[in-house]
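The working numbering applies: residue 31 is where the sequence shown begins, and numbers increase by one.
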Amino acid sequence: MPGSLSILRFADFKPLFAAFALLFVLASPATAQLSFKPTAEAVQEDKLLNALKEGDKITGRVSIPDGMSASLIQPAGRDWRDFQRSKLPWIGGIAIIGMLAVLAIFLMVRGRIRVHQGFSGRTILRFNSFERFTHWLTASCFIILALSGLNVSFGRTLILPLFGAEAFATLSAWAKLAHNYLAFPFMLGVAIMFLIWIKNNIPGKLDLEWIKQGGGLLSEGKHPPAKRFNAGQKGIFWIVIIGGVLMSVSGWFLLFPYLPGNVTALQFWTVIHAVIAMLFIAAMLAHIYIGSVGMEGAFDAMGTGEVDLNWAKEHHALWVEEEQKKAGAPSDRTPHAVPAE
């Protein structure tokens, strides 16, 4: 009986002894070396560090169609993030605020550019209804795209503290939708502008003289002769076309991120899109200023489509002559005096 009792007691504690034995085995140095393998782990870590130093991204394996999701670590992403958070706001701030400051100084020094001979009461057709529709389609889309894009760079700093997180989140969500969908009519407008106005915006020798005289912007009532578009307007045209194409191509890659093929290319196009956008906005501020506050009578060109005849003669004298010849009307331009011999 005593022997059988001892066997029963051992059987009762047998699971406990087994648990202690397993714990001892797992805690032994030999087993720890087999499970951890410090030499192998160090080799993998060296490979990882070398790859990070070389700038190559660290990738894994995925079974979904999106191959870019296999990227685990990409050192270039840190540079891209730093650019978006630090450098881009400075670029945008200097370009946009700097342009506003220049325009304000110009208005204070030069004042509004007036029609030197006053309004005549007679008008001439400057832009037809289709041209005005194309302009306002592109311009209205650009304004919304610009404001919604600026929200990405400056919204957290300027809008979030004023309206709160909930309002900022709602505004940003709607801004994203507007930015995505209004990109398509903007691209259409740029394409139509190129087709209907390219023939009038080819640079020529006449533009050099206009540039030499500063377009007459600094002199009162003295504007160099120009055809339908002067050198300044041609410059705006090419800024819109080239900037619009760059914005469209880069924006297309952002709308469809699978197209670039890898994350690095996608980050490159986001930088191009952002930098061109800031410069584009600054240039359009100058265009808006001249077409509204800066020059008397200029807004009528895209407002009603008809401009005062005296305004047209002062800024586009050669174009007025061409239009009068087409209409069969005699030109009333004052002839040059001929000296007596």
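Every residue gets a Cβ at the ideal spot worked out from N, C-alpha and C, and that includes glycine.
* Can you tell me the Cα-Cα spacing of Asp330 and Phe267, whole angstroms? -> 18 Å
* To do: Taking Leu276 and Ile306 to be in contact with their CB atoms under 8 Å, please state how far apart those CB atoms are, rounded to whole angstroms.
  => 5 Å
* Bridge-paired residues (DSSP) for Glu336 -> Leu155
* **Which of helix, strand or coil DSSP assigns to Leu232** => The residue you asked about is not Leu; residue 232 is Ile in the sequence shown. Shown here, Ile232 sits in coil according to DSSP, grouped into three states, outside any helix or strand.
* **With 16 other Cβ atoms within 10 Å as the buried cut-off, status of Tyr319** => buried
* **Proximity below 8 Å, CB of Ala169 to CB of Ala312** => Going by C-beta atoms, Ala169 is not nearer than 8 Å to Ala312.
* What number of angstroms, rounded off, separates the C-alpha of Ile127 from the C-alpha of Ala134? -> 10 Å
* Asked: Nearest-angstrom Cα distance between Arg152 and Met217?
  -> A straight line joining the alpha-carbon of Arg152 with that of Met217 spans about 36 Å.
* To do: Give the C-beta separation of Val220 and Ile271 to the nearest angstrom, bearing in mind that I take them to be a contact with Cβ-Cβ under 8 Å.
  => 7 Å
* the stretch 148–164 touching the stretch 330–344, judged by at least three CB pairs closer than 8 Å -> yes
* To do: For the alpha helix (DSSP H) holding Ile272, just list the boundary residues, first then last.
  => Segment 261–285, the alpha helix (DSSP H) holding Ile272.
* **Length-filtered (4 minimum) alpha helix (DSSP H) runs lying within the stretch 150–223** => 159–188
* Shortest alpha-carbon distance to Gly327 belongs to which of Trp240, Ser116, Ile143? -> Ile143
* Reducing DSSP to helix, strand and coil, say where Ile94 ends up. => coil
* To do: Give the secondary structure of Pro68 by DSSP, where H, G and I count as helix, E and B as strand, and everything else as coil.
  => Because the pLDDT at Pro68 is just 47, under 50, the model does not fix this residue reliably, and the point stays unresolved.
* **Endpoints, the alpha helix (DSSP H) within which Ala247 is located** => Reading off the sequence, residue 247 comes out as Leu, not Ala. Looking at the DSSP string, Leu247 is not in any alpha helix (DSSP H), and its letter there is neither H nor E.
* Are three or more beta carbon pairs between the stretch 348–355 and the stretch 291–306 nearer than 8 Å? -> no
* To do: Note the first and the last residue of the continuous alpha helix (DSSP H) segment covering Ala347.
  => 347–357
* Once you ignore the five residues that flank Lys252 on each side, which residues in its own chain have a CB closer than 7 Å to its CB? -> Gly246
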